[in-house]
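Asker: The structure follows.
Protein chains: 2
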Amino acid sequence: MSKTNRQITLAARPSGYPKLSDFKLLTPPVPTPQEGQILVQTLYLSVDPYMRGRMNEGRSYAAGVQIDEVMTGGIVGKVIDSKHSDFQEGDIVQGNLGWQEFGISDGGDLRKIDPDLAPISTALGILGMPGLTAYCGLLEVGQPKSGETVVVSGAAGAVGSLVGQIAKIKGCRAVGIAGTDQKVDYVVNELGFDAAFNYKTVSDYNEKLQKLCPEGVDVYFDNVGGTITDAVFLNINIKARVVICGQISQYNLEEPELGPRKLWHLIVKRARVEGFLVFEFADRHDEGLRQMATWMKEGKLKYRETIVEGIENAPTAFIGMLKGGNIGKQLVKVSDL
Amino acid sequence: MSKTNRQITLAARPSGYPKLSDFKLLTPPVPTPQEGQILVQTLYLSVDPYMRGRMNEGRSYAAGVQIDEVMTGGIVGKVIDSKHSDFQEGDIVQGNLGWQEFGISDGGDLRKIDPDLAPISTALGILGMPGLTAYCGLLEVGQPKSGETVVVSGAAGAVGSLVGQIAKIKGCRAVGIAGTDQKVDYVVNELGFDAAFNYKTVSDYNEKLQKLCPEGVDVYFDNVGGTITDAVFLNINIKARVVICGQISQYNLEEPELGPRKLWHLIVKRARVEGFLVFEFADRHDEGLRQMATWMKEGKLKYRETIVEGIENAPTAFIGMLKGGNIGKQLVKVSDL
Numbered sequence: 001m002s003k004t005n006r007q008i009t010l011a012a013r014p015s016g017y018p019k020l021s022d023f024k025l026l027t028p029p030v031p032t033p034q035e036g037q038i039l040v041q042t043l044y045l046s047v048d049p050y051m052r053g054r055m056n057e058g059r060s061y062a063a064g065v066q067i068d069e070v071m072t073g074g075i076v077g078k079v080i081d082s083k084h085s086d087f088q089e090g091d092i093v094q095g096n097l098g099w100q101e102f103g104i105s106d107g108g109d110l111r112k113i114d115p116d117l118a119p120i121s122t123a124l125g126i127l128g129m130p131g132l133t134a135y136c137g138l139l140e141v142g143q144p145k146s147g148e149t150v151v152v153s154g155a156a157g158a159v160g161s162l163v164g165q166i167a168k169i170k171g172c173r174a175v176g177i178a179g180t181d182q183k184v185d186y187v188v189n190e191l192g193f194d195a196a197f198n199y200k201t202v203s204d205y206n207e208k209l210q211k212l213c214p215e216g217v218d219v220y221f222d223n224v225g226g227t228i229t230d231a232v233f234l235n236i237n238i239k240a241r242v243v244i245c246g247q248i249s250q251y252n253l254e255e256p257e258l259g260p261r262k263l264w265h266l267i268v269k270r271a272r273v274e275g276f277l278v279f280e281f282a283d284r285h286d287e288g289l290r291q292m293a294t295w296m297k298e299g300k301l302k303y304r305e306t307i308v309e310g311i312e313n314a315p316t317a318f319i320g321m322l323k324g325g326n327i328g329k330q331l332v333k334v335s336d337l
Numbered sequence: 001m002s003k004t005n006r007q008i009t010l011a012a013r014p015s016g017y018p019k020l021s022d023f024k025l026l027t028p029p030v031p032t033p034q035e036g037q038i039l040v041q042t043l044y045l046s047v048d049p050y051m052r053g054r055m056n057e058g059r060s061y062a063a064g065v066q067i068d069e070v071m072t073g074g075i076v077g078k079v080i081d082s083k084h085s086d087f088q089e090g091d092i093v094q095g096n097l098g099w100q101e102f103g104i105s106d107g108g109d110l111r112k113i114d115p116d117l118a119p120i121s122t123a124l125g126i127l128g129m130p131g132l133t134a135y136c137g138l139l140e141v142g143q144p145k146s147g148e149t150v151v152v153s154g155a156a157g158a159v160g161s162l163v164g165q166i167a168k169i170k171g172c173r174a175v176g177i178a179g180t181d182q183k184v185d186y187v188v189n190e191l192g193f194d195a196a197f198n199y200k201t202v203s204d205y206n207e208k209l210q211k212l213c214p215e216g217v218d219v220y221f222d223n224v225g226g227t228i229t230d231a232v233f234l235n236i237n238i239k240a241r242v243v244i245c246g247q248i249s250q251y252n253l254e255e256p257e258l259g260p261r262k263l264w265h266l267i268v269k270r271a272r273v274e275g276f277l278v279f280e281f282a283d284r285h286d287e288g289l290r291q292m293a294t295w296m297k298e299g300k301l302k303y304r305e306t307i308v309e310g311i312e313n314a315p316t317a318f319i320g321m322l323k324g325g326n327i328g329k330q331l332v333k334v335s336d337l
């Protein structure tokens, strides 16, 4: 096969926000699967905040991407050649094949998707890693109880938009924090959050939170960090649970930011702050996906996707997402089914 | 009874470290117990870090002391007059009667002490609130497992000195952080900690912690906060538990201090930070006191007291304790048995 693959590699380690010049488009030939391997054509690529960490030197919870290596990323694709007994041409699969049009897998990281159950792109969003992150993070770490107030930052994003809706399903008051008026309108009027505010136009977050959370904050699901999180800490209740899912406000700082020390609040409020990664809760993933799919069919969970077309535009989509350009899940549509 | 009581009241709310002029010595008559009341003569007064918070305007987890009100504090004393059927003259009791030579109680906050079981002053230390704080905080919140590394700041203090010893009893590696070479020597050579360092003479806490905790930190019991805690966060292991007991480095700052943002570490390490107050674990207090007394008799738990004489010197003892002048429990001996 002499067809050309197109792939995006890491050209340079960014300082601050990534620039387009930190990425490079390569056009090697499409690889040929060996015995036991599967060739997958990418249909959708997911771009996610965690990828910013992978662009750095050194390791956080997973090894970083090397210079000239294909950027890591989850995809939904179609099997176009299989030398693996478990996969056949035409199968729709979800896997981690990176930012490229064609990828090779040995099958170990592929999950088959039934395209009749839901749009296949949802395997990268509400019925994939972001959905499980919201489900396991809120329910396992946050432990919300009916009647409690749940605040979520990054409220209109792939994870945050689901956290608020699951909080509502569990009988909680859901309050969102987001970065545009359109996002605030979306989470309140389309998703059914009880309240939300735009942190870019509100000057006193603390005052706003006091107003929107008259009974204080019992669970804070944090995707953002920084000054927004500082303000939420001032409003936590006794025995509050703060779930640290992401800290996107901090990922693109050229110099680490200082902030007020907050540990004293945790004594006064006997509160808990806990970070998590979705793969820790692997034993709940099947149940979580079934539950999310059920809620989706029942109309209790809504989602939205922001889609950019063409693998060559993946860097633009990624940078846009880091700057808050998306509502719901940010995807790159790489080829047609 | 026309005898004179001596009591220390709050004269002014301190900014920064309390000064002697923030306290006033009053000499009202000794009160007379009414029906259902008990008159207690103070033998020992406990001075503790939490009292600094009570000197502030406004409320933290408990209401503050009002100006001209007697400073709050735990005491061990002797019943010298009782109009309450449960207490008799001569009973030794522990209660919260404040910084004064004589106090009145209705009995509700008094606990009888058996002076034959242990020195009565231990009811304010190893067999009292500090002991229970170490016991419940380490075991309930910290959940140490045999073979893990437990780091404790304020290691030579009333609570910290017990935390490290309980960690050793539970099969952990105990590493202390303290503020003088004498304290470091005490916790290592007298209490049996595996290692310790003096944060006032070590310049690179992170490097020192790496050396003393070659397998990282699984439980951090924090009495201190600030830059010491910043360094420990850099060394926590996956699934670490950070127990926030106190933040004494922050209590006397005139302006709140900024510090590095640390929440990202909690994601990478899937770690938990939790504040607590000893009274939350009231259902374990009886068991805790019995266990601590047993360990003490078995020679597994040692303690030390730093004793200042005379109620008039309570402010000096308190300020000295806030500045780290004590080893073990800081007490004021108010009168002889």
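Chains A and B are the protein sequences, given in the same order. For the record, in the first sequence the residue sitting at position 294 is 294 according to our numbering, with numbers rising by one throughout. For the record, in the second sequence the residue sitting at position 252 is 252 according to our numbering, with numbers rising by one throughout. Ideal placement from N, C-alpha and C gives every residue a C-beta, glycine not left out.
#1: Quick one: which unbroken alpha helix (DSSP H) runs of 4-plus residues sit fully inside the segment 262-323 of chain A? Chain order, please.
#2: By the criterion of Cβ-Cβ separation under 8 Å, what are the contact partners of R261(B) in chain A?
#3: Within 10 Å of its beta-carbon, does A156(B) have 16 or more other beta-carbons around it, so buried, or fewer, so exposed?
#4: With 8 Å set as the bound, which would you pick, yes or no: does the beta-carbon of A271(A) sit closer than that to a beta-carbon of chain B?
#5: Mapping the DSSP letters down to three states, classify F87(B) as helix, strand or coil.
#6: Does the CB of S60(A) have a neighbour CB from chain B at under 8 Å?
#7: At the level of alpha carbons, what is the spacing between V79(B) and P29(B)?
#8: Could you tell me whether the segment 205-217 of chain B touches the segment 270-285 of chain B, where touching means 3 or more Cβ pairs closer than 8 Å?
#9: Which chain E residues are close to L266(A), counting only those with a beta carbon under 8 Å from its beta carbon?
#10: At the level of alpha carbons, what is the spacing between S82(A) and S161(A)?
#11: Note down, in chain order, each residue of its chain lying with its Cβ closer than 8 Å to the Cβ of S146(A), except the 5 sequence neighbours on either side.
#12: At a CB-CB cut-off below 8 Å, which residues of chain A make contact with T133(B)?
#13: Using 8 Å as the limit for Cβ to Cβ distance, is E69(B) near chain A?
#14: Taking the alpha-carbon positions, what's the P14(B) to I248(B) distance?
#15: In whole angstroms, give me the CA-to-CA distance for L138(A) and V163(A).
#16: Answer yes or no: does any C-beta atom of chain B fall closer than 8 Å to that of E280(A)?
#17: How long is the line joining the alpha carbons of I126(A) and I307(A), rounded to whole angstroms?
#18: Please classify P18(B) as buried or exposed, where buried requires at least 16 neighbouring CB atoms within 10 angstroms.
#19: For L10(A), which residues does DSSP report across the bridge?
#20: Which value, in whole angstroms, describes the spacing of the CA atoms of R241(A) and L266(A)?
#21: Just to make sure I have the definition right: I need the residues of chain B whose C-beta is within less than 8 Å of the C-beta of T229(A). Which are they?
#22: Looking at I166(B): is its Cβ nearer than 8 Å to the Cβ of L110(B)?
#23: Between which residues of its own chain and Q88(A) is the CB-CB distance below 7 Å, once the five residues before and five after are set aside?
#24: Among S85(B), C136(B), G179(B), which has the Cα closest to the Cα of Y205(B)?
#25: Just verifying my parser: in three-state terms, what is the DSSP assignment at P260(B)?
#26: Does DSSP classify M1(B) as helix, strand or coil?
#27: For A271(B) and G225(A), what's the separation of their Cα atoms in angstroms?
#28: Output the residue ranges of the alpha helix (DSSP H) runs that lie fully inside the segment 37-111 of chain B and measure 4 residues or longer, sorted by chain position.
#29: Take G108(B) as the anchor and find which of L97(B), R52(B), A134(B) has the nearest alpha-carbon.
#30: With DSSP collapsed to three states, give me the class of V30(A).
#31: When we look at the beta-carbon of T294(B) and count the other beta-carbons within 10 Å, is it buried (16 or more) or exposed?
#32: Taking C-alpha atoms, which residue in P130(A), V76(A), E190(A) lies nearest to P119(A)?
#33: Near A134(B), which residues of its chain fall below 7 Å by C-beta distance, leaving aside the five closest residues on each side in sequence?
#34: Quick one: grab the DSSP three-state call for N326(A).
#35: V273(A) to I92(B), Cα distance in whole Å?
Answerer: With the structure as the only source:
#1: Entirely contained in the segment 262-323 of chain A, the alpha helix (DSSP H) runs reaching 4 residues are, in chain order, 263-268, 285-297, 314-322.
#2: The sequence position of residue 261(B) within the second sequence is 261, counting from 1. Ordered by position in chain A, the residues that pass the 8 Å Cβ test against R261(B) are G225, G226, Q247, Q250, P256, E257, L258, G259.
#3: Along the second sequence, read from residue 1 onward, the residue named residue 156(B) stands at position 156. By the neighbour-count rule (16 or more Cβ atoms within 10 Å), A156(B) is buried.
#4: One-based indexing of the first sequence puts residue 271(A) at position 271. A271(A) counts as touching chain B.
#5: The sequence position of residue 87(B) within the second sequence is 87, counting from 1. Reduced to three states, the DSSP call for F87(B) is coil.
#6: Here residue 60(A) refers to the residue found at position 60 of the first sequence. Yes, its Cβ sits closer than 8 Å to a Cβ of chain B.
#7: Here residue 79(B) corresponds to residue number 79 of the second sequence, with the count starting at 1. Here residue 29(B) corresponds to residue number 29 of the second sequence, with the count starting at 1. V79(B) and P29(B): Cα-Cα distance of roughly 17 Å.
#8: With the cut-off at 8 Å, the segment 205-217 of chain B and the segment 270-285 of chain B do not touch.
#9: Any reference to chain E falls outside this structure, whose protein chains are A and B.
#10: In the first sequence, the residue the question calls residue 82(A) occupies position 82. In the first sequence, the residue the question calls residue 161(A) occupies position 161. Cα-Cα distance, rounded: 37 Å.
#11: Counting from one through the first sequence, the residue named residue 146(A) turns up at place 146. Cβ-Cβ distances below 8 Å link S146(A) to K170, G171, C172 in the same chain, with the five nearest sequence neighbours on each side left out; the list follows chain order.
#12: Taking the first residue of the second sequence as position 1, residue 133(B) is located at position 133. Taking a Cβ-Cβ cut-off of 8 Å, T133(B) has no neighbours in chain A, whose nearest Cβ is about 11 Å from it.
#13: Position 69 of the second sequence, counting from 1, holds the residue named residue 69(B). No, its Cβ sits nowhere closer than 8 Å to a Cβ of chain A.
#14: As a working mapping, residue 14(B) is identified with position 14 in the second sequence. As a working mapping, residue 248(B) is identified with position 248 in the second sequence. Here the alpha carbons of I248(B) and P14(B) stand approximately 15 Å from one another.
#15: Numbered from 1 along the first sequence, position 138 holds the residue referred to as residue 138(A). Numbered from 1 along the first sequence, position 163 holds the residue referred to as residue 163(A). Their Cα atoms are separated by approximately 7 Å.
#16: As a working note, residue 280(A) is residue 280 in the first sequence. Using beta-carbon distances, E280(A) counts as an interface residue toward chain B, with a partner under 8 Å.
#17: Along the first sequence, read from residue 1 onward, the residue named residue 126(A) stands at position 126. Along the first sequence, read from residue 1 onward, the residue named residue 307(A) stands at position 307. The C-alpha of I307(A) is placed about 15 Å away from the C-alpha of I126(A).
#18: As a position in the second sequence, residue 18(B) is number 18, starting the count at 1. That one is buried.
#19: On the first sequence, position 10 is the one that residue 10(A) refers to. Its beta-bridge partners are F23(A).
#20: Position 241 of the first sequence, counted from the start, is the residue given in the question as residue 241(A). Position 266 of the first sequence, counted from the start, is the residue given in the question as residue 266(A). R241(A) and L266(A): Cα-Cα distance of roughly 10 Å.
#21: Translated into positions along the first sequence, residue 229(A) becomes position 229. The answer, in chain order, is L263.
#22: Sequence index remark: in the second sequence, residue 166(B) carries index 166 (1-based). Sequence index remark: in the second sequence, residue 110(B) carries index 110 (1-based). Contact flag unset, no.
#23: To locate residue 88(A), count along the first sequence from 1; it is residue 88. V79, S82.
#24: Taking the second sequence and counting its residues from 1, the one referred to as residue 205(B) is at position 205. Scanning S85(B), C136(B), G179(B) for the CA closest to the CA of Y205(B) turns up G179(B).
#25: To locate residue 260(B), count along the second sequence from 1; it is residue 260. In the three-state reduction of the DSSP assignment, P260(B) falls in the strand class, which pools E and B.
#26: As a position in the second sequence, residue 1(B) is number 1, starting the count at 1. Low confidence applies to M1(B): its pLDDT is 48, below 50, so where it sits in the model is not reliable, and the reading given next is rough at best. Judged by DSSP in its simplified three-state form, M1(B) adopts coil rather than helix or strand.
#27: Here residue 271(B) refers to the residue found at position 271 when the second sequence is read from its first residue. Here residue 225(A) refers to the residue found at position 225 when the first sequence is read from its first residue. Rounded to whole angstroms, A271(B) to G225(A) spans 16 Å at the Cα level.
#28: Counting only runs of 4 or more, we get 50-54.
#29: Counting from one through the second sequence, the residue named residue 108(B) turns up at place 108. G108(B) has its Cα closest to that of L97(B), out of L97(B), R52(B), A134(B).
#30: If you number the first sequence from 1, residue 30(A) lands on position 30. Of the three classes helix, strand and coil, the one that applies to V30(A) here is coil, per DSSP.
#31: As a working note, residue 294(B) is residue 294 in the second sequence. Burial state of T294(B) is exposed, judged by a 10 Å Cβ sphere holding fewer than 16 other Cβ atoms.
#32: As a working note, residue 119(A) is residue 119 in the first sequence. For the set P130(A), V76(A), E190(A), the Cα lying nearest the Cα of P119(A) is the one of V76(A).
#33: The residue given as residue 134(B) occupies position 134 in the second sequence. Correct list, in chain order: V159, L162, V163, I166.
#34: By one-based count along the first sequence, residue 326(A) stands at place 326. N326(A) falls in the coil class under three-state DSSP.
#35: Against the first sequence, residue 273(A) aligns to sequence position 273. Against the second sequence, residue 92(B) aligns to sequence position 92. Those two C-alpha atoms are separated by around 42 Å.
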